[in-house]
Structures are given as C-alpha cells and as structure tokens.
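In this note's numbering, the protein residues as written are 4 to 166.
All C-beta atoms in this analysis are idealised placements derived from N, C-alpha and C, irrespective of residue type, glycine included.
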Amino acid sequence: MIHRWGWLIAGFFCILQVAGCDKPAATSSAAPRATAKSEKEDHIHGAGPHGGAVFDWGPYHAEFCVEHPKQEATIYILKTDMKTHQPIKVEKLHLKIKDPVFELDLMAAPEKNDAPGTASCFIGKHERFGKEQEFGGTLSGEVEGKKFSGDFQELPEEPAPKK
Numbered sequence: 004m005i006h007r008w009g010w011l012i013a014g015f016f017c018i019l020q021v022a023g024c025d026k027p028a029a030t031s032s033a034a035p036r037a038t039a040k041s042e043k044e045d046h047i048h049g050a051g052p053h054g055g056a057v058f059d060w061g062p063y064h065a066e067f068c069v070e071h072p073k074q075e076a077t078i079y080i081l082k083t084d085m086k087t088h089q090p091i092k093v094e095k096l097h098l099k100i101k102d103p104v105f106e107l108d109l110m111a112a113p114e115k116n117d118a119p120g121t122a123s124c125f126i127g128k129h130e131r132f133g134k135e136q137e138f139g140g141t142l143s144g145e146v147e148g149k150k151f152s153g154d155f156q157e158l159p160e161e162p163a164p165k166k
C-alpha cells in the first residue's frame, strides 16, 4: 500500500514539472533588479544575466534592460538557458512601449563574440526611457524569414531579504 502511494506522489510531481515552464528560472541569492511576467504564458522568468527582464521571443528568450540616465534601452537575445547570448542575423528590432505609448527601432550592436553579420544585442534611445518606471511592451522582428513577437512587463523590484 505504501509503495503504491509513493508511485502516485512521484507521478503527481512529474505532472507538475511537465505542466510548468520548461525553461529554468534564473536563480540568485540577491533580489533581482528586474523581472518580467510573460503576458501570453502567465509565468515569470526572473532577472536575466544583465539584470533585466527576460521574456519569451519566438524560439529564443529576450532580455529588456533600461539605462535611465542614458535614456537607452537594450535588448539581448538569449538562448533557452536564459544566460548565453544568441546572435541572430537581423539589423534592427522594433519595440513598442505601452505606457507612455511610444515606438522605436533598436539597432544591432554586435558583441565581441558575435559572428560577423549577426548580433545578440540591440540598442535604442528615447527620452522617455529617462523616467524611472516599470516598462512593458512588445518586441517584434524577423529572423531568417520568420516573424517573431513577444510581450513583456517589468515588475517592481523586490526588496532585498533581511538578514
């Protein structure tokens, strides 16, 4: 009888694992600088390797980062491990911000390890990024003839845990 319950409990946890996000969450002992909720899939990825908000973007992940003093947004394209840069053959991506409403193109800014003709980093400037707030919006672009779009919403920072 106890043996049968053990199998039932193990099966239940396997079902929970399969039903959840198949992409591992970022782990850190410090409070994340930014996290994002994926609006279509209702799960949270946590902070990315650059402290930004990670979200699903086609077969990739993307990380949205803002430098308020520079009035600049950066998108990093990441592999499914949400840590490793994924260079893509694209010159620009399009970013629509919901509040305040504005749009801009992010231009390729290849990293030193990106292959020639590819980029894993895209940067755009707009004066509205100078305001400190949680941004949300949509990233769109076309990679090798396939159109991708992904929604994100930054969440407020969580306070650091008390020791």
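Taking just the CA atoms, how far does residue j sit from residue i?
i, j, result
"D84", "P90", "14 Å"
"G140", "T121", "24 Å"
"H129", "F105", "9 Å"
"T87", "F67", "15 Å"
"P97", "L107", "First, the residue type needs correcting, since residue 97 is His and not Pro in the sequence shown. Straight-line Cα distance between these residues: approximately 6 Å."
"F151", "K165", "41 Å"
"E94", "S123", "10 Å"
"T77", "G51", "12 Å"
"E70", "D117", "23 Å"
"H53", "A112", "15 Å"
"F155", "K101", "10 Å"
Quick check: does the Cβ of residue i come within less than 6 Å of any heavy atom belonging to the ligand PLP?
i, result
"L158", "Although the ligand PLP was asked about, the structure shown includes no ligands whatsoever."
Check residue i in the structure and name its three-state DSSP category.
i, result
"F58", "strand"
"H129", "coil"
"H48", "coil"
"K73", "helix"
"M85", "coil"
"A118", "coil"
"E135", "coil"
In the DSSP assignment, find the unbroken beta strand (DSSP E) run with residue i in it and report its ends.
i, result
"H53", "Careful: H53 lies outside any beta strand (DSSP E) and carries neither H nor E."
"F151", "149-158"
"D3", "Nothing in the structure corresponds to residue 3, since the chain is present only between 4 and 166."
"I100", "95-100"
"T141", "139-146"
My guess is that residue i and residue j are in contact by the Cβ rule of under 8 Å, so how many angstroms apart are they, rounded?
i, j, result
"F132", "L109", "At roughly 11 Å, the Cβ-Cβ gap does not stay under 8 Å, so F132 and L109 are not in contact."
"A65", "L81", "7 Å"
"E135", "L158", "That belief does not hold up - the Cβ atoms of E135 and L158 are roughly 14 Å apart, past 8 Å."
* Asked: Is the region 140-153 in contact with the region 59-78, if contact means three or more CB pairs nearer than 8 Å?
  -> They touch, by the three-pair rule.
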